[in-house]
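Colleague: Anchor point for the sequence shown: position 285 equals 312 in this note's numbering, and the numbering is continuous, going up by one each time.
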Amino acid sequence: MAENNRYDVIIIGTGAGGGTLAYHLASSGKRILLLERGGYLPREKDNWDAKAVFVESKYRAKETWYDKDGKPFYPGIQYYVGGNTKVYGAALLRFRERDFDEVGHYGGVSPAWPLSYTDFEPYYTQAEHLYHVHGQHGTDPTEGPASTPYRYPPVSHAPRIQELFNDFERLGLHPFPLPLGILLDEADGKALHTSACVRCAAFDGFPCLVNGKADSQVICVDPALEHSSVELLMGAYVERLETDASGRVVTKVIVTRNGAEEQYSADIVVVSCGAVNSAALLLRSANDKHPGGLANSSDMIGRHYMRHNCSAFMAVSKDPNPTVFQKTLAVNDFYFRSDDWEYPLGEIQMLGKSDGEMLKGEAPGWAVWKPEFALDYLAEHSIDFWLQSEDLPHPDNRVTIHPDGQIVLSIHETNLEGHTRLTAKLKGMLGDIGLHDHLMHRSLYLGKDIPIGGTAHQAGTVRFGRDPKTSALDVNCKAHDLDNLYVVDASFFVSIAAVNPSLTIMANALRVGDHLLERLGV
Ligand SMILES: Cc1cc2nc3c(=O)[nH]c(=O)nc-3n(C[C@H](O)[C@H](O)[C@H](O)COP(=O)(O)OP(=O)(O)OC[C@H]3O[C@@H](n4cnc5c(N)ncnc54)[C@H](O)[C@@H]3O)c2cc1C
Ligand code: SF4
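Structure, rendered in structure tokens:
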């Protein structure tokens, strides 16, 4: 291996985990290599074209995975510098304090994390500041204590969403401004001329044409690359990791780039390919010392896959809803229980506004409801919600590799009752919040193969913990079985809570980054 292929740190994957870690380590002066299978997401008008993004899935990976019965499906995944944060909705919420403890659900137990909210709190603050989170602590009754306010005020509600906010309050609920990672400076509901974000309708699920979204590429990878000690190789697909004879040290990272094999090495190797691909990479890297997959003496790798029980719904407002930027409100009153049920239900958030092209793509499924509502009426009156509940880590919900190399994802639904009840709660309120009494599924937002293709919130496949028998990583996210292998994407999750995952991935990457800086003697 050429001497210049040797680094202090290699980070594989540049999404929420890998990109954030790269940023944190970049100023150390250590030689850092980022390996990313994708390239930069092209900046073009189609970034904001609903037909290109949702109907034609232009930016999704052209990849086929298989379910447990061998049926092919098309995962909702994107491979770019910045990973899935290039298209995420940037709702950046902290786990609740109780989410780190064991929580009883109707469908089973959500296990405790090896660390507490207090351990994560300083890193949540750092991640909120780094990713320009706009919000207001103290307004969500379920959130834990925050040591420092957000740096940016909440994104203002459009008038129709403010009405919805008031209606929820009138019903005795506690709506709060959804914390968003966005490069927005606004006044009177309009973006200032200096603002990167222009407060358009393409926030959720679209890439941002003008780099106004706080994604991992814009916030972390590009600034990290300003340091001459940091390099990025794109189109660099990591095939496998090789170890020394003892099996304790990763000695080679084997990459396919431009159709040829290349080899790299580093004192520290960090895997951050997203929960499915990280598990797949470790399983592909089995060798004599690690016959069941690299770092897999616990047999935990690939297991406990989680991705939330979630639904995207469109409701129809009795008054027109001319809102452009809709994703500004959330309700957590049913997060842990409701007045008529003692178990967690989940979170209600606003979603990006339905667009005429999306409606055309989805309308056939709705015609049975009110055929007299023409599509343009629906487009003018739609209000969109995202409902998110906790699924539970099940050992048989897992990633495996088919002998021919394909990814197999086995899923058994868990803990659905809470989600059903959350949906019923929203449905029961529709008439009181100025909406017609019907919720319509928006399947295009998540991917056409729901539920299995809804891989947006994938997590849990390389869980961390204190016991090497029941976890693959230690509390620093280092593999128990190896001395120089770390994992910092959503794989390390022990449970997934009912909030969006990215802020916890980012906070954890900063936490692991502090550990690595100490280990590197910086
Ligand atoms: C439509 C959509 C909306 C979302 N909205 C939100 C939201 O509002 N809030 C929120 O918190 N989360 C949201 N998410 C989820 C969020 O994007 C993910 O949780 C987050 O990006 C996961 O971070 P990660 O580091 O685990 O993986 P990723 O961000 O997926 O990064 C993994 C990286 O590894 C690269 N890679 C994979 N395999 C290899 C390989 N073998 N070799 C080299 N590189 C490889 C990939 O190309 C990618 O860049 C959304 C996701 C989607 C798809
Ligand atoms: S709302 Fe802002 S961040 Fe989102 S796509 Fe439009 S300009 Fe970009």
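For every residue, glycine included, the Cβ atom is placed at its ideal position computed from N, Cα and C.
I'd like to confirm something about residue 77: is its beta-carbon nearer than 7 angstroms to some heavy atom of ligand 2, or not?
Modeller: Flag unset: Cβ of residue 77 not near ligand 2.
Colleague: Where does the unbroken beta strand (DSSP E) through residue 356 begin, and where does it stop?
Modeller: Start and end: 356-358.
Colleague: Any heavy atom of ligand 1 within a distance shorter than 7 angstroms of the CB on residue 115?
Modeller: Indeed, a heavy atom of ligand 1 lies less than 7 angstroms from the Cβ.
Colleague: Quick test of the definition: if touching needs 3 or more C-beta pairs under 8 angstroms, does the region 451-469 touch the region 480-499?
Modeller: Output reads no: the region 480-499 does not touch the region 451-469.
Colleague: Measuring straight from C-alpha to C-alpha, what distance separates residue 507 and residue 231?
Modeller: Distance between the alpha carbons of residue 507 and residue 231: 37 angstroms.
Colleague: For residue 337, does the three-state DSSP call read helix, strand or coil?
Modeller: It is a strand residue.
Colleague: I think residue 276 touches residue 509, with their Cβ atoms under 8 angstroms apart; what is that distance to the nearest whole Å?
Modeller: The pair is a contact, with the Cβ atoms about 7 angstroms apart (cut-off 8 angstroms).
Colleague: Suppose contacts are defined by Cβ-Cβ distances below 8 angstroms. Is residue 442 in contact with residue 42 by that definition?
Modeller: In this structure, residue 42 does not lie closer than 8 angstroms to residue 442 by Cβ.
Colleague: Nearest-angstrom Cα distance between residue 124 and residue 171?
Modeller: Going from the Cα of residue 124 to the Cα of residue 171 covers about 5 angstroms.
Colleague: Should residue 370 and residue 132 be called a contact, given that it needs their Cβ atoms to be closer than 8 angstroms?
Modeller: Closer than 8 angstroms, so yes.
Colleague: Terminal residues of the continuous alpha helix (DSSP H) containing residue 85?
Modeller: That residue, residue 85, is in no alpha helix (DSSP H); it is neither H nor E in DSSP.
Colleague: Report all residues from its chain with a CB closer than 6 angstroms to the CB of residue 254; omit the five preceding and five following residues, and keep chain order.
Modeller: Once the five neighbours on either side are set aside, the close Cβ partners of residue 254 are 53.
Colleague: Between residue 226 and ligand 2, is there a pair consisting of the residue's CB and a ligand heavy atom that are separated by less than 7 angstroms?
Modeller: Yes, since a heavy atom of ligand 2 falls inside the 7 angstroms radius drawn around the Cβ of residue 226.
Colleague: Check whether the Cβ atoms of residue 343 and residue 268 sit closer than 8 angstroms, and answer yes or no.
Modeller: Contact: no.
Colleague: If I measure Cβ to Cβ from residue 359 and keep anything under 6 angstroms in the same chain, skipping five residues before and after, which residues do I get?
Modeller: Excluding positions up to five away in sequence, the list reads 167, 169 and 374.
Colleague: Count the CB pairs spanning the region 90-102 and the region 426-436 that are closer than 8 angstroms, and state whether there are at least three.
Modeller: In short, these stretches touch, since the Cβ pair count reaches three.
Colleague: Hey, out of 296, 381 and 329, whose CA is closest to residue 310's CA?
Modeller: Closest option to residue 310, Cα to Cα, is 329.
Colleague: Would you say the beta carbon of residue 106 comes nearer than 7 angstroms to a heavy atom of ligand 1?
Modeller: Yes, since a heavy atom of ligand 1 falls inside the 7 angstroms radius drawn around the Cβ of residue 106.
Colleague: Is the beta carbon of residue 294 closer than 8 angstroms to that of residue 35?
Modeller: Yes; because the gap between Cβ atoms is below 8 angstroms, this pair is in contact.
Colleague: Report the option in 117, 422 and 143 whose CA atom is closest to the CA atom of residue 127.
Modeller: The option with the nearest alpha carbon to residue 127 is 143.
Colleague: What's the gap between the Cα of residue 402 and the Cα of residue 348?
Modeller: Roughly 14 angstroms between the two C-alpha positions.
Colleague: Nearer than 7 angstroms: is that true of the beta carbon of residue 239 relative to any heavy atom of ligand 2?
Modeller: Correct: residue 239 has its Cβ closer than 7 angstroms to ligand 2.
Colleague: Would you be able to state if there are at least three C-beta pairs under 8 angstroms between the region 231-244 and the region 270-284?
Modeller: No, because fewer than three Cβ pairs between the region 270-284 and the region 231-244 fall closer than 8 angstroms, the two stretches do not touch.
Colleague: Residue 50 lies in the beta strand (DSSP E); which residues open and close that run?
Modeller: Not the beta strand (DSSP E): residue 50 falls in the alpha helix (DSSP H), residues 43-53.
Colleague: What's the call for residue 191, buried or exposed, on a 16-neighbour Cβ count within 10 Å?
Modeller: Residue 191 should be labelled buried.
Colleague: So what's residue 289 in DSSP terms, helix, strand or just coil?
Modeller: In the structure shown, residue 289 sits in a strand (DSSP, three-state: E or B).
Colleague: The alpha helix (DSSP H) that contains residue 540, what's its start and end?
Modeller: Element bounds for residue 540: 529-546.
Colleague: For residue 534, I'd like the list of residues in its chain whose CB is within less than 6 angstroms of its CB, leaving aside the five on either flank, ordered along the chain.
Modeller: Excluding positions up to five away in sequence, the list reads 147, 150, 151 and 154.
Colleague: Less than 7 angstroms between the CB of residue 229 and some heavy atom of ligand 2, yes or no?
Modeller: It does: the Cβ of residue 229 is within 7 angstroms (strictly closer) of some heavy atom of ligand 2.
Colleague: Shortest alpha-carbon distance to residue 113 belongs to which of 383, 386 and 240?
Modeller: Taking only the C-alpha atoms, the option nearest residue 113 is 240.
Colleague: Where does the unbroken alpha helix (DSSP H) through residue 153 begin, and where does it stop?
Modeller: Where residue 153 is concerned, the enclosing alpha helix (DSSP H) stretches over 144-157.
Colleague: To the nearest angstrom, how far is it from the Cα of residue 180 to the Cα of residue 512?
Modeller: Each residue's Cα considered, the two are about 39 angstroms apart.
Colleague: Where does residue 413 sit, in a helix, a strand or coil, going by DSSP?
Modeller: In this structure, residue 413 counts as strand in the three-state DSSP scheme.
Colleague: Hey, residue 261 and residue 341 are a contact pair by Cβ (cut 8 angstroms); roughly how many whole angstroms apart?
Modeller: Actually they are not in contact, since the Cβ atoms of residue 261 and residue 341 sit about 37 angstroms apart, beyond 8 angstroms.
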